[in-house]
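Student: According to our numbering, the stretch in the sequence shown is residues 20 to 229, in order.
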Amino acid sequence: MNRTVRRRVFLVATFLLLAAAYLSPLADWGEHRSFAAHMAQHLLIGDLAALTLVLSGIGRLPRVVLVVALPIWVVDLALWHVPAIYEAALHHVLMHEVQHAALWVSGILLWSAILTGVLTIGARLAVLVGMMISGLAISSVFLWWPRVLYSTYTHAHHLAGMSGLTDQRVGGGLMLLEGMLVGLAAAGWLIVQLLREDVPAAREGASPSL
Numbered sequence: 020m021n022r023t024v025r026r027r028v029f030l031v032a033t034f035l036l037l038a039a040a041y042l043s044p045l046a047d048w049g050e051h052r053s054f055a056a057h058m059a060q061h062l063l064i065g066d067l068a069a070l071t072l073v074l075s076g077i078g079r080l081p082r083v084v085l086v087v088a089l090p091i092w093v094v095d096l097a098l099w100h101v102p103a104i105y106e107a108a109l110h111h112v113l114m115h116e117v118q119h120a121a122l123w124v125s126g127i128l129l130w131s132a133i134l135t136g137v138l139t140i141g142a143r144l145a146v147l148v149g150m151m152i153s154g155l156a157i158s159s160v161f162l163w164w165p166r167v168l169y170s171t172y173t174h175a176h177h178l179a180g181m182s183g184l185t186d187q188r189v190g191g192g193l194m195l196l197e198g199m200l201v202g203l204a205a206a207g208w209l210i211v212q213l214l215r216e217d218v219p220a221a222r223e224g225a226s227p228s229l
């Protein structure tokens, strides 16, 4: 696949993911009925659409920005899930759009740090591991917290007859599963890149000096 075709494919994928997030029932369900639906919407926007946009080859960001991409992403993700802030975003349209934009931008920064060649392979792997550990920690809160964290969903008419707590745990499970699958795929790709870098170096070291 040449660069132009690849760019178009991933840009179309980005558009489709954002369309699914905003035009499917997930948007309405997430605002009124289901934390799990809202989590799925956030994963489409802040992780998958950000990933495909970076894969389209949008260009390299400055190294100074990418070095701090992981802490920006972690703080952003954690902050928007603080109950008071999360509830405020649900009930104020502008704040809700700011939430989605912040998740998308921080996701773009994170995936740019991992997938573009600005940082070393070792640094990119470290960012990826940090992302997976942070995602595991935050998703574990939703999986194991003993009560519903967000009042909007406490007495909502949940999907498939789930209780509010079950819905919250499904959302945490979605976050964990998606994060692990995408993270492992990215780790595999980075390891392949590392091995490709090592092969020429090994050949050069093995060649006899003149």
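Beta carbons are placed, not taken as given, at the ideal position from N, Cα and C, and that holds for glycine.
Count the other CB atoms within 10 Å of the CB of Arg143; is the residue buried (16 or more) or exposed (fewer)?
Tutor: Buried, because 16 or more other Cβ atoms sit within 10 Å of the Cβ of Arg143.
Student: Taking a contact to mean a Cβ-Cβ separation below 8 Å, would you say Met150 touches Trp92 in this structure?
Tutor: Contact flag set, yes.
Student: Which same chain residues end up closer than 6 Å to Arg25 when comparing Cβ atoms and leaving out the 5 residues on each side of it in sequence?
Tutor: So no residue of the chain qualifies.
Student: Thinking Ile140 and Ala205 are a contact (beta carbons under 8 Å), I'd like their distance in whole angstroms, please.
Tutor: Going by Cβ atoms, the distance from Ile140 to Ala205 rounds to 12 Å, so no, they are not a contact pair.
Student: For the segment 72-109, which segments carrying the alpha helix (DSSP H) assignment without a break, of at least 4 residues, lie completely within its bounds, in sequence order?
Tutor: Fully enclosed alpha helix (DSSP H) runs of 4 or longer: 82-86, 88-99.
Student: Consult DSSP for Gly136 and reduce its assignment to one of helix, strand or coil.
Tutor: Here Gly136 sits in coil by DSSP.
Student: Evaluate Val167 with the Cβ neighbour count: other Cβ atoms within 10 Å of its Cβ, from every protein chain shown; 16 or more gives buried, anything less gives exposed.
Tutor: Buried is the call here.
Student: Across the segment 44-59 and the segment 176-194, are there enough close Cβ pairs to call them in contact, namely three or more that are closer than 8 Å?
Tutor: Touching, yes, given that three or more Cβ pairs across the two stretches are closer than 8 Å.
Student: Between which two residues does the alpha helix (DSSP H) harbouring Arg22 extend?
Tutor: Segment 22-42, the alpha helix (DSSP H) holding Arg22.
Student: For Tyr41 and Gln118, I'd like the C-alpha separation in whole angstroms.
Tutor: The straight-line gap from Cα to Cα measures roughly 14 Å.
Student: Taking C-alpha atoms, which residue in Ala38, Leu67, Leu45, Met199 lies nearest to Leu147?
Tutor: Nearest of Ala38, Leu67, Leu45, Met199 to Leu147, Cα basis: Met199.
Student: Is Gly65 closer than 8 Å to Trp123 when the C-beta atoms are compared?
Tutor: Yes, Cβ-Cβ distance for Trp123 and Gly65 is below 8 Å.
Student: Give the DSSP-derived three-state secondary structure of Met181 in the structure shown.
Tutor: The answer is coil: DSSP assigns Met181 none of H, G, I, E or B.
Student: In whole angstroms, give me the CA-to-CA distance for Val83 and Leu128.
Tutor: Val83 and Leu128: Cα-Cα distance of roughly 11 Å.
Student: Within the present structure, is the beta-carbon of Pro44 separated from the nearest heavy atom of the ligand FMN by less than 7 Å?
Tutor: This structure lacks the ligand FMN, and indeed carries no ligand of any kind.
Student: Taking 8 Å as the threshold (C-beta atoms), are His174 and His52 in contact?
Tutor: The sequence given here has Arg at residue 52, not His. No, these two residues do not count as a Cβ contact at 8 Å.
Student: If you drop the 5 nearest sequence neighbours on each side, which residues of the same chain put their C-beta closer than 6 Å to that of Leu80?
Tutor: Same-chain partners within the cutoff: Ser131.
Student: Could you give the first and the last residue of the continuous alpha helix (DSSP H) run that contains His57?
Tutor: From DSSP, the alpha helix (DSSP H) with His57 extends over 54-62.
Student: Nearest-angstrom Cα distance between Leu203 and Phe29?
Tutor: Computed Cα separation, rounded: 20 Å.
Student: If you run the structure through DSSP and keep just helix, strand and coil, what is Ser228?
Tutor: No answer about Ser228 holds up, because its pLDDT of 44 lies below 50 and its placement is not dependable.
Student: Which of the three DSSP states, helix, strand or coil, is assigned to Arg143?
Tutor: It is helical.
Student: Would you mind sorting Thr23 into buried or exposed? The rule is 16 or more other CB atoms within 10 Å of its CB.
Tutor: With fewer than 16 Cβ atoms within 10 Å of its Cβ, Thr23 is classed as exposed.
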